[in-house]
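Those sequence lines, one after another, are chains L and R.
By the numbering used here, the letter at position 171 of the first sequence is numbered 175, and the numbering carries on one by one without gaps.
By the numbering used here, the letter at position 36 of the second sequence is numbered 40, and the numbering carries on one by one without gaps.
Number of protein chains: 2
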Amino acid sequence: MTTINAATYPIHFDEKAYNELNSLISKKNYSSIYILVDDNTLEHCYPRFMQLFTTDKPLEVIQIDAGEIHKNMETCMGVWNVMTELGADRKSLLITLGGGVITDLGGFVASTFKRGIDFVNIPTTLLSMVDASVGGKTGVDLGVLKNQIGVFANPEMIVIDAEYLHTVSAREIRSGTAEIIKYGMTHDINLFNEIKDNSQVNIVDLIHRSIEIKNDVVLEDPKEQGVRKVLNWGHTIGHGVESYFLENPEKEALTHGEAIAIGMVCEAYLSSEILDFPKEKVSEIKDAIIKIYGKVLINENDFQYIIELMKHDKKNVSGEINFVLLNDYENFEINCKASEELIRESLAYYNL
Amino acid sequence: MTTINAATYPIHFDEKAYNELNSLISKKNYSSIYILVDDNTLEHCYPRFMQLFTTDKPLEVIQIDAGEIHKNMETCMGVWNVMTELGADRKSLLITLGGGVITDLGGFVASTFKRGIDFVNIPTTLLSMVDASVGGKTGVDLGVLKNQIGVFANPEMIVIDAEYLHTVSAREIRSGTAEIIKYGMTHDINLFNEIKDNSQVNIVDLIHRSIEIKNDVVLEDPKEQGVRKVLNWGHTIGHGVESYFLENPEKEALTHGEAIAIGMVCEAYLSSEILDFPKEKVSEIKDAIIKIYGKVLINENDFQYIIELMKHDKKNVSGEINFVLLNDYENFEINCKASEELIRESLAYYNL
């Protein structure tokens with residue numbers, strides 16, 4: 005696949021990407037290299053990475069516990085302390101090898117260590133390939149609030165190697181698929197149609213196209229002042245739902261994609277109520293999402309609590325909840341408002 | 005005093021600065037304002053601030069414990085949580101009102117909250133007026149390692165109001181004076197001479213001249229790739245000494261300036277051994293420093309430990325310790341190396 009050029013860094017694909025990584029490391033003359041992994045990627049991805057990566061620099065592996073629940077400041081403290089003990093300096097490079105937790109947290113750790121060292125993202129899940137690792141957002145959660153603490157910081161390079169997808173579960177693949185569906189609805193309906201209609205999709209093509217779309221959006225509006233907000237399609241309600249399940253110990257947590265999929269159904273409903281999004285497309289979206297992700301029960305008594313969580317979302321200003329809604333597929337509006345009554349209705353519509 | 009223009013923000017002086025602050029807040033239409041203080045500045049500075057500052061925006065005070073020992077991630081977590089609970093959003097403004105701990109930590113908290121909100125620095129100690137609040141460095145300590153975690157981020161404005169200096173102790177004034185002496189030795193020897201020879205100095209003039217010097221240096225090299233390293237004159241050994249005293253519970257901690265003053269004596273010694281810095285100026289510096297700051301005993305058995313702390317300083321790469329040294333007053337060289345033997349000698353020279 006052809007390289008995609010982001011603002012200040014390239015996104016390289018397939019095995020040739022490792023040659024580019026090796027060249028970068030020679031050129032930048034890093035003092036030492038740290039590879040951030042979790043227990044899963046250490047076991048399943050690190051062996052492949054080390055087969056394809058060669059360096060004569062000092063190299064250390066730093067392992068954290070897997071899971072969104074560890075995407076917090078305590079884990080950052082652990083990594084900063086280990087890097088300090090191992091003698092990391094301003095000319096060190098951090099390579100993140102893992103899913104969105106690793107790339108988001110690793111990017112934040114690197115951008116704040118000694119006021120910033122270089123980092124390279126190697127996403128190993130579909131979600132991090134098509135979303136988390138691209139676009140310059142880094143961060144960690146604060147309690148149940150996702151990515152509440154972070155900075156905008158670009159990696160030196162992103163390596164996309166779809167071989168790593170063989171190491172993740174079908175559920176994780178479905179989670180990432182929700183982001184591809186998102187790009188489909190807002191920018192290129194073929195992506196949605198291919199996923200909806202075909203069991204045999206070419207995943208590498210879908211990834212490449214998704215990154216192209218995201219990159220174009222981010223280049224136009226890196227700091228999310230305007231059009232970048234389109235990437236929050238499905239995420240306003242989706243994040244509320246995700247936080248709600250994460251916060252309830254008696255409920256099984258949803259994956260990010262599962263929550264965003266529910267969010268897209270609800271926000272499609274809002275789009276038809278507030279804009280002119282056709283009602284039959286709302287049904288089409290709901291059917292497709294439930295076919296892929298199954299149905300999750302959201303207790304009606306908790307609707308208001310989910311709305312309160314949404315008000316804390318960092319996209320919102322002055323307690324107003326901000327939506328991206330659709331006039332039609334590939335035709336969106338940012339900065340839409342919806343009444344709390346309508347939001348409750350949209351959750352009830354999903355439940356229906 | 006005339007306004008100094010930094011890279012992306014103005015540094016306003018005296019009471020007129022509050023008018024500028026009020027204008028900024030009207031112009032930017034912030035959703036809410038948070039004022040970060042510690043117990044001291046809440047009692048002694050906040051009343052003056054509120055006399056001169058007027059706003060119709062929602063305003064909340066956030067108080068942290070005073071002292072370098074609280075300049076850490078735990079305190080940041082506390083502030084982030086309070087801001088979240090109070091409903092701070094991306095259009096909120098954080099005003100820091102305090103010394104270097106408040107301006108460094110507050111700048112970091114603001115730059116990472118929801119990936120960055122605006123902040124204004126109002127330094128209330130001499131040290132933060134002439135150094136900490138200017139130049140875009142934010143950060144907190146990691147264990148004993150100073151400013152190990154942070155980002156480069158510029159405030160929207162700095163307000164310098166020397167009236168706040170009446171609220172701080174003579175010891176704190178002496179601490180800040182060390183940074184003015186630093187600018188004197190590297191850029192304008194008059195500053196050093198005035199402090200050395202006169203008891204009646206015009207402090208506002210010294211502050212304005214110091215900020216001018218620092219601002220010129222930072223404009224030339226914002227990210228400390230080269231010439232900005234001159235601001236570390238006295239700080240390489242000084243930071244080691246400061247960490248050493250901070251880490252030893254049985255020793256009374258030194259102020260930053262007291263530690264940097266010792267560092268300047270030691271590094272003057274190194275300058276005469278490695279470059280051609282005149283020996284009589286080394287004596288002059290040592291005499292002046294001891295006259296102002298008194299003499300602190302550094303146990304000879306701890307010299308090596310101080311050197312180990314210096315190796316962890318974030319300025320250093322590959323375990324090599326990096327110095328700014330002087331050929332003469334107002335004539336410095338960056339990226340100098342010194343043997344550990346010579347560093348031990350320089351500490352012994354201070355002790356002598």
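Built from N, CA and C at the ideal position, the CB exists for glycine as well.
Shorter than 8 Å from the beta carbon of R:Val155 to some beta carbon of chain L?
-> yes
Of all the residues that make up the segment 109-124 of chain R, which are near chain L by a beta-carbon distance shorter than 7 Å?
-> Ser115, Thr116, Phe117, Lys118, Arg119 and Gly120
Got a sec? Which residues, its chain only, sit under 7 Å from R:His239 by beta carbon, not counting five neighbours each side?
-> Ile264 and Gly267
Count the other CB atoms, across all protein chains shown, that sit within 10 Å of the CB of R:Leu210; report buried if there are 16 or more and exposed otherwise.
-> buried
Output, in sequence order along the chain, the residues in the segment 88-103 of chain L whose CB is closer than 8 Å to any CB in chain R.
-> Thr88, Gly91, Asp93, Arg94 and Lys95
Residue ranges of each alpha helix (DSSP H) within the segment 43-104 of chain L, 4 or longer = 43-48, 50-56 and 77-89
Start-end ranges of the beta strand (DSSP E) lying completely within the segment 104-164 of chain R, minimum 3 residues = 122-127, 144-146, 149-153 and 161-164
Counting Cβ pairs closer than 8 Å, one from the segment 109-128 of chain R and one from the segment 140-153 of chain L, do we hit at least three?
-> yes
Could you check the C-alpha separation between R:Val65 and R:Ile39 for me, to the nearest Å?
-> 5 Å
What do you get for R:Gly71, buried or exposed, if any count of 16 or more other CB atoms within 10 angstroms of its CB means buried?
-> exposed
Of all Cβ atoms in chain R, is any one closer than 8 Å to the Cβ of L:Lys141?
-> yes
Sequence-distant residues of its chain with Cβ nearer than 8 Å to R:Arg178 (five each side left out) = Thr259, Gly261, Glu262, Ile296 and Tyr297
Hey, how far is the Cα of L:Phe336 from the Cα of L:Gly180?
-> 21 Å
Extent of the continuous alpha helix (DSSP H) to which L:His316 belongs | Neither: L:His316 is in no alpha helix (DSSP H) and is coded neither H nor E.
Whose Cβ in chain R lies nearer than 8 Å to the Cβ of L:Leu146?
-> Met81, Trp84, Asn85 and Thr88
Closest by CA to L:Ile73, which one among L:Ala257, L:Asn355 and L:Arg52?
-> L:Ala257
Separation of R:Phe327 from L:Leu131, as counted between CA atoms = 46 Å
Compute the minimum distance between the beta carbon of L:Lys118 and the heavy atoms of the ligand MN, and state whether it is under 7 Å.
-> With respect to small molecules bound, the structure shown includes none, and the ligand MN cannot be examined in it.
Can you find a CB in chain R that lies within less than 8 Å of the CB of L:Gln152?
-> yes
Closer than 8 Å by beta-carbon distance: list the chain L residues that pair up with R:Leu149, in chain order.
-> Thr88
Tell me, which residues are paired with R:Tyr38 by DSSP?
-> R:Glu64 and R:Leu98
Using a threshold of 8 Å, state whether the C-beta atoms of R:Tyr248 and R:Asp306 are closer than that.
-> yes
Under 8 Å between C-beta atoms, does L:Met77 make it to chain C?
-> In the structure shown, chain C cannot be found, because the protein chains are L and R.
So L:Asn115 and L:Pro127 are in contact, right, with Cβ under 8 Å, and what is the actual spacing, rounded?
-> It is Ser, not Asn, that sits at residue 115 of chain L in the sequence shown. About 17 Å; that fails the 8 Å criterion.
Where L:Lys299 falls, given that 16 or more other Cβ within 10 Å makes a residue buried = exposed
Quickly, what does DSSP pair R:Ile8 with across the bridge? List them, please.
-> R:Ile15
Roughly how many angstroms separate the alpha carbons of L:Glu277 and L:Asn236, rounded to a whole number?
-> 19 Å
Any idea what DSSP makes of R:Gly336, helix, strand or coil?
-> The sequence shown places Phe at residue 336 of chain R, not Gly. In this structure, R:Phe336 counts as strand in the three-state DSSP scheme.
Can you name, in chain order, every residue of its own chain whose Cβ lies under 8 Å from the Cβ of L:Thr59, other than the five neighbours on each side?
-> Asn26, Ile29 and Ile37
R:Pro253: buried (16+ other C-beta within 10 angstroms of its C-beta) or exposed?
-> exposed
Compute the Euclidean distance between the alpha carbons of L:Glu304 and L:Lys255, then round it to the nearest angstrom.
-> 15 Å
So, using beta-carbon positions, are R:Phe123 and R:Lys141 closer together than 8 Å?
-> no
Residue range of the alpha helix (DSSP H) that includes R:Tyr297 | Lys283 to Tyr297
Start and end of the alpha helix (DSSP H) containing L:Asn219?
-> Ile207 to Glu224
Boundaries of the alpha helix (DSSP H) in which L:Thr171 is found, first to last residue = Looking at the DSSP string, L:Thr171 is not in any alpha helix (DSSP H), and its letter there is neither H nor E.
Under a Cβ-count criterion, where at least 16 other Cβ atoms within 10 Å of its own Cβ denotes burial, should R:His170 be classed as buried or exposed?
-> exposed
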